[in-house]
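Student: Okay, handing you the structure first.
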Amino acid sequence: MCALLKHAPTGNHEQTSQPTAHEDPPPSYQLEELPPLPRIHRDDLPPEPRYYKDILKHQLKPYLFQALYRELQEGNGKGVWIVVDEDQARKANKEVIPLTWVFKYKFDEKGYLTKIKARVCVRGDLQVSYQDTYAATLAFRIFRTLIAIVCAFDLEMWQYDVVNAFPHIPLDQPTFCRAPEGMTLPYRKILLLKKALYGLKESPALWQKHFQATLKDLGLEPVPDAPCLYANEHLFVFFFVDDIIIAFPKKDEPFAHVFE
Numbered sequence: 001m002c003a004l005l006k007h008a009p010t011g012n013h014e015q016t017s018q019p020t021a022h023e024d025p026p027p028s029y030q031l032e033e034l035p036p037l038p039r040i041h042r043d044d045l046p047p048e049p050r051y052y053k054d055i056l057k058h059q060l061k062p063y064l065f066q067a068l069y070r071e072l073q074e075g076n077g078k079g080v081w082i083v084v085d086e087d088q089a090r091k092a093n094k095e096v097i098p099l100t101w102v103f104k105y106k107f108d109e110k111g112y113l114t115k116i117k118a119r120v121c122v123r124g125d126l127q128v129s130y131q132d133t134y135a136a137t138l139a140f141r142i143f144r145t146l147i148a149i150v151c152a153f154d155l156e157m158w159q160y161d162v163v164n165a166f167p168h169i170p171l172d173q174p175t176f177c178r179a180p181e182g183m184t185l186p187y188r189k190i191l192l193l194k195k196a197l198y199g200l201k202e203s204p205a206l207w208q209k210h211f212q213a214t215l216k217d218l219g220l221e222p223v224p225d226a227p228c229l230y231a232n233e234h235l236f237v238f239f240f241v242d243d244i245i246i247a248f249p250k251k252d253e254p255f256a257h258v259f260e
């Protein structure tokens with residue numbers, strides 16, 4: 001089952017342990033208790049950092065480092081990667097792809113900052129060898145039809161985000177990566193990815209295959225000639241990569257809760 005997060009505000013500063021892939025991480029990575037994020041409107045924020053070095057002079061530096069640390073901790077905890085000798089990639093005749101950081105601000109409905117998200121991503125632009133990358137998308141005409149049906153029949157409609165969708169998916173081919181800046185590994189050590197990451201060319205196709213299998217396990221069937229649309233007698237589901245929308249009559253709400 002995929003881990004789903006229904007849209008809701010979050011704010012969490014609990015202390016947790018160090019990622020195991022680190023060796024003597026800098027003190028700034030420690031998950032110390034921080035005050036709540038300052039109330040800053042999006043119009044008053046500097047741009048999101050593009051590179052690791054941009055954190056060092058950012059006005060929200062402690063919060064950016066904490067977001068970075070949480071991402072590394074989650075990757076270790078979920079077994080997204082393991083640390084291996086650099087020679088393994090050479091012996092397998094595999095490229096070693098760099099990892100990088102992407103930082104995103106999250107805002108409330110009034111445009112005030114509520115969260116900072118850091119994500120480890122593969123430099124897919126530097127990836128030379130890869131498997132199948134095709135992932136279907138929902139046609140816009142079908143999307144408009146579905147919204148019209150929701151309005152015409154007064155259906156309930158819920159939207160979900162998948163929490164870190166790609167790192168739920170095991171990789172079927174060995175993929176070696178260099179640690180991102182800020183992640184300290186011993187000499188001549190690299191990362192072997194065990195699960196997909198954002199930026200990896202195969203990730204969308206692997207995620208779609210996994211999610212479609214999950215929908216079938218939940219008793220939904222694909223709608224012919226409508227990629228990314230599944231239905232049963234109680235509800236229908238359509239999705240855009242890792243954004244999911246379900247629609248159903250009010251009387252069938254108990255069946256919709258299976259997605260939680």
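With full-length UniProt numbering applied, the sequence shown closes on residue 260, and no number is skipped along the way.
Cβ atoms here follow ideal geometry from the backbone N, Cα and C, with glycine treated the same way.
1. On the premise that L171 lies in contact with K194, defined as a C-beta separation below 8 Å, what is that separation, rounded to the nearest angstrom?
2. Taking buried to mean at least 16 other C-beta atoms within 10 Å of its own C-beta, is Q208 buried or exposed?
3. Below 8 Å, can you find three or more Cβ-Cβ pairs linking the segment 162 to 170 to the segment 90 to 109?
4. Considering Cα atoms alone, identify which of E74, V96, K78 is closest to V84.
5. Suppose the cutoff is 7 Å on Cβ atoms and the five residues either side in sequence are ignored; what does the same chain contact list for R39 look like?
6. Grab me the residues of E86's own chain with a C-beta within less than 6 Å of its C-beta, minus the 5 sequence neighbours each way, in chain order.
7. Is S28 helix, strand or coil when you go by DSSP?
8. If we ignore side chains and look at the alpha-carbon of each, how far apart do residue 264 and L235 end up?
9. Could you tell me the distance, in whole angstroms, from the CA atom of N76 to the CA atom of H58?
10. Quick check: what's the CA-CA separation for F240 versus I82?
11. Let me check understanding here. Comparing Cα to Cα, which of D43, G79, L37, Q73 lies closest to L60?
12. Nearest to I149 by alpha carbon, out of A247, E33, F259, R42?
13. Taking P174 as part of the beta strand (DSSP E), name the residues at either end of that continuous run.
14. Would you give the residue range spanned by the beta strand (DSSP E) that I149 belongs to?
15. Hey, quick one: how far does the alpha helix (DSSP H) through A256 stretch, first residue to last?
16. Would you call E253 buried or exposed, if buried means 16 or more other Cβ atoms sit within 10 Å of its Cβ?
Tutor: Short version:
1. Numbered from its first residue, the sequence shown carries residue 194 at position 194. Numbered from its first residue, the sequence shown carries residue 171 at position 171. Correct: roughly 6 Å between the Cβ atoms.
2. Here the question's residue 208 lines up with position 208 in the sequence shown. Buried, by the Cβ-count rule.
3. Counting Cβ pairs under 8 Å, fewer than three are found: no touch.
4. Mapped onto the sequence shown, residue 84 falls at position 84. Cα-wise, what sits closest to V84 is V96.
5. Residue 39 sits at position 39 when you count from the first residue of the sequence shown. Sequence-distant Cβ neighbours of R39 in its own chain, meaning closer than 7 Å and more than five residues away, are Y112.
6. For the purposes of this step, residue 86 is identified with residue 86 of the sequence shown, where counting begins at 1. Correct list, in chain order: R188, I190.
7. Numbered from its first residue, the sequence shown carries residue 28 at position 28. Interpretation of S28 is limited by its pLDDT of 46, a score under 50 that renders its predicted location unreliable; the figure taken from the coordinates is listed afterwards. Of the three classes helix, strand and coil, the one that applies to S28 here is helix, per DSSP.
8. The chain is shown from 1 up to 260; residue 264 falls before or after that span and cannot be answered.
9. Here residue 76 corresponds to residue number 76 of the sequence shown, with the count starting at 1. Here residue 58 corresponds to residue number 58 of the sequence shown, with the count starting at 1. Between N76 and H58, the alpha-carbon positions lie close to 26 Å from each other.
10. Working through the sequence shown from its first residue, we reach residue 240 at position 240. Working through the sequence shown from its first residue, we reach residue 82 at position 82. Each residue's CA atom was taken as its position, placing F240 and I82 some 30 Å apart.
11. By one-based count along the sequence shown, residue 60 stands at place 60. Closest in C-alpha terms to L60, from the list D43, G79, L37, Q73, comes L37.
12. Along the sequence shown, read from residue 1 onward, the residue named residue 149 stands at position 149. Distances from the alpha-carbon of I149 to those of A247, E33, F259, R42 put A247 closest.
13. The residue you call residue 174 lines up with position 174 of the sequence shown. Where P174 is concerned, the enclosing beta strand (DSSP E) stretches over 170 to 178.
14. As a working mapping, residue 149 is identified with position 149 in the sequence shown. For I149, no beta strand (DSSP E) segment is defined; the enclosing uninterrupted segment is the alpha helix (DSSP H) at 140 to 152.
15. Locating residue 256 in the sequence shown gives position 256, counting from the first residue. Taken as a continuous stretch (DSSP letters only), the alpha helix (DSSP H) holding A256 covers 253 to 256.
16. For the purposes of this step, residue 253 is taken as residue 253 along the sequence shown, with counting starting at 1. It counts as exposed.
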